[in-house]
Amino acid sequence: MSSRAVTIAGYLLIVGCGVALELASRRPGSPIPSFGALLGRVMSTRSGRVGVMTGWLWLGVHFLAR
Amino acid sequence: MLRDPVIAILLLAGVAEVLAGDPLVDWLVLVLTAAALGWDRIRRRRPPDGEAVAVARAGQGWVGRLVPARLSPALVVGGLVYVTVAGRLDPFSWPALVAVAAPGLVGVSSAWQARSTPPAQAAPIHAGGAAAWAALFVVLALWELSALLLQPSITMGSPLHPTISVLLDPALGSQLGRSVGFAVWLALGWLLVRR
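Same order as they appear, the protein sequences are chains A and B.
Each residue of the first sequence is one higher than the one before, counting from -12 in our numbering.
Each residue of the second sequence is one higher than the one before, counting from 457 in our numbering.
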């Protein structure tokens, strides 16, 4: 297995874990919040809201404006 | 000021951008926002918990005066024109930067202006469950960092150890790909601003 394949497999594994966490959050009584609920909690403060939107702005600058 | 995790994360990300040799704008966005939040925190002299905001009227989230509350046909047409024009702009150009900065600054400004309400209205989250998500993002950051450090140099991408940027470069290399990228980015911003 090449270094490239290992690196990409790592990214896919992380995405897979994210999907697994999201699915686990949907079980009744699960202590794991959904990603949406977590985002909602983070964005309930000004710094969290501005931080998330700055992250979004950064994504645009980093991937689209360069 | 650094007791606010958001400010600390923004500063850390900004320093990482500097060390990675990324363009000035990339890290300036993060550092300036951290500085503004720090200034605001000092000015208010209130703990971050006191800043919880209303998830006001159902379906409207914290959308302020800067962003329309509803998705109208005119807004959809405007968005399509925007992604079509923006996708045709040359990468690494000032027009492309302006195309990102205009909606981006509107989104950040809307977030800044949202109305505040008591913290009791914020939905509670199980700490252990939140830690699982946090751990996942830390692992992603470390995996990206390891790919970055395994490049021939910090500013030269490697096909053997691709970062997310290197993996996305082919997809964002064409006008169509860039238009799709702008559309996804704009839709994400719209969803966030509606929360």
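All C-beta atoms in this analysis are idealised placements derived from N, C-alpha and C, irrespective of residue type, glycine included.
### residue 506 of chain B (DSSP reduced to helix, strand or coil)
Mapped onto the second sequence, residue 506 of chain B falls at position 50. At residue 506 of chain B the pLDDT is 48, less than 50, meaning the model places this residue with poor confidence; the figure from the coordinates comes in the next sentence. Residue state, collapsed to three classes: helix.
### Query
Which value, in whole angstroms, describes the spacing of the CA atoms of residue 566 of chain B and residue 545 of chain B?
Locating residue 566 of chain B in the second sequence gives position 110, where the first residue counts as 1. Locating residue 545 of chain B in the second sequence gives position 89, where the first residue counts as 1. C-alpha separation (whole angstroms): 26 Å.
### Task
Whole angstroms is fine: what's the gap from residue 609 of chain B's alpha carbon to residue -5 of chain A's?
Locating residue 609 of chain B in the second sequence gives position 153, counting from the first residue. Locating residue -5 of chain A in the first sequence gives position 8, counting from the first residue. If you take the alpha carbons of residue 609 of chain B and residue -5 of chain A, they lie about 20 Å apart.
### Query
Buried or exposed: residue 498 of chain B, going by 16 or more other Cβ atoms within 10 Å of its Cβ?
To locate residue 498 of chain B, count along the second sequence from 1; it is residue 42. Exposed is the call here.
### Query
Is the segment 39 to 48 of chain A in contact with the segment 483 to 491 of chain B, if contact means three or more CB pairs nearer than 8 Å?
yes
### Query
When we look at the beta-carbon of residue 16 of chain A and count the other beta-carbons within 10 Å, is it buried (16 or more) or exposed?
The residue you call residue 16 of chain A lines up with position 29 of the first sequence. By the 10 Å Cβ count, residue 16 of chain A comes out exposed.
### Query
Which one of B:622, B:645 and B:630 has the shortest CA to CA distance from residue 607 of chain B?
Along the second sequence, one-based indexing puts residue 607 of chain B at 151. Ranking B:622, B:645 and B:630 by Cα distance to residue 607 of chain B puts B:622 first.
### Message
Does the CB of residue 13 of chain A have a neighbour CB from chain B at under 8 Å?
### Response
The count along the first sequence starts at 1 and reaches residue 13 of chain A at position 26. No, its Cβ sits nowhere closer than 8 Å to a Cβ of chain B.
### Query
Beta-carbon of residue 27 of chain A versus every beta-carbon of chain B: anything under 8 Å?
The sequence position of residue 27 of chain A within the first sequence is 40, counting from 1. True, the Cβ-Cβ gap to chain B drops below 8 Å.
### Beta-carbon proximity list for residue 514 of chain B, same chain, < 6 Å, skipping 5 on both sides
What you label residue 514 of chain B is simply residue 58 of the second sequence in a count that begins at 1. At residue 514 of chain B, the pLDDT of 40 sits below 50, so the modelled position is not reliable; the number obtained from the coordinates is stated separately. The answer is none, since no qualifying residue turns up.
### Query
residue 605 of chain B: which of B:595, B:596, B:617 and B:529 sits nearest, CA to CA?
Numbered from 1 along the second sequence, position 149 holds the residue referred to as residue 605 of chain B. Comparing Cα-Cα distances from residue 605 of chain B to each of B:595, B:596, B:617 and B:529, the minimum goes to B:617.
### Message
Quick check: residue 477 of chain B and residue 490 of chain B, are their CB atoms within less than 8 Å of each other?
### Response
The sequence position of residue 477 of chain B within the second sequence is 21, counting from 1. The sequence position of residue 490 of chain B within the second sequence is 34, counting from 1. In this structure, residue 490 of chain B does not lie closer than 8 Å to residue 477 of chain B by Cβ.
### Task
Step through the CB atoms of chain A and report whether any lies within less than 8 Å of the CB of residue 621 of chain B.
Within the second sequence, numbered from 1, the residue matching residue 621 of chain B stands at position 165. Yes, residue 621 of chain B counts as interfacial toward chain A.
### Task
Note down, in chain order, every chain A residue with its Cβ under 9 Å from the Cβ of residue 463 of chain B.
Mapped onto the second sequence, residue 463 of chain B falls at position 7. Under the 9 Å cutoff, chain A gives 34 and 38.
### residue 630 of chain B, buried or exposed, once every other Cβ within 10 Å from all chains shown has been counted against 16
Along the second sequence, one-based indexing puts residue 630 of chain B at 174. Flag for residue 630 of chain B reads exposed.
### Message
Which residues in chain A have a C-beta closer than 8 Å to the C-beta of residue 489 of chain B? List them in chain order.
### Response
Within the second sequence, the letter at position 33 stands for residue 489 of chain B. Those are 37, 38 and 41, listed as they occur along chain A.
### Query
Within 10 angstroms of its Cβ, does residue 560 of chain B collect 16 or more other Cβ (buried), or is it exposed?
Start at 1 with the first residue of the second sequence, and residue 560 of chain B comes out as number 104. By the neighbour-count rule (16 or more Cβ atoms within 10 Å), residue 560 of chain B is buried.
### Message
Check whether chain B comes within 8 Å of residue -12 of chain A, counting only Cβ atoms and requiring the distance to be less than that.
### Response
In the first sequence, the residue the question calls residue -12 of chain A occupies position 1. Not closer than 8 Å to any Cβ of chain B, the Cβ of residue -12 of chain A fails to qualify, so no.
### Query
For a contact meaning CB atoms closer than 9 Å, what does residue 639 of chain B contact in chain A?
The count along the second sequence starts at 1 and reaches residue 639 of chain B at position 183. Ordered by position in chain A, no residue passes the 9 Å Cβ test against residue 639 of chain B, which lies about 11 Å from the chain.
### Message
Among B:628, B:581 and B:536, whose alpha-carbon lies nearest the alpha-carbon of residue 28 of chain A?
### Response
Looking up residue 28 of chain A in the first sequence gives position 41. Nearest option by C-alpha distance: B:581.
### Task
On a CA-only basis, which of B:475, B:467, B:493 and B:635 is nearest residue 568 of chain B? Give me that one, please.
Along the second sequence, read from residue 1 onward, the residue named residue 568 of chain B stands at position 112. Comparing Cα-Cα distances from residue 568 of chain B to each of B:475, B:467, B:493 and B:635, the minimum goes to B:493.
### Query
Does residue 513 of chain B have its Cβ less than 8 Å from a Cβ in chain A?
Counted from its first residue, the second sequence places residue 513 of chain B at position 57. With a pLDDT of only 42 at residue 513 of chain B, under the threshold of 50, the placement of this residue in the model should not be trusted; the figure read from the coordinates follows. It does not; no Cβ of chain A falls within 8 Å.
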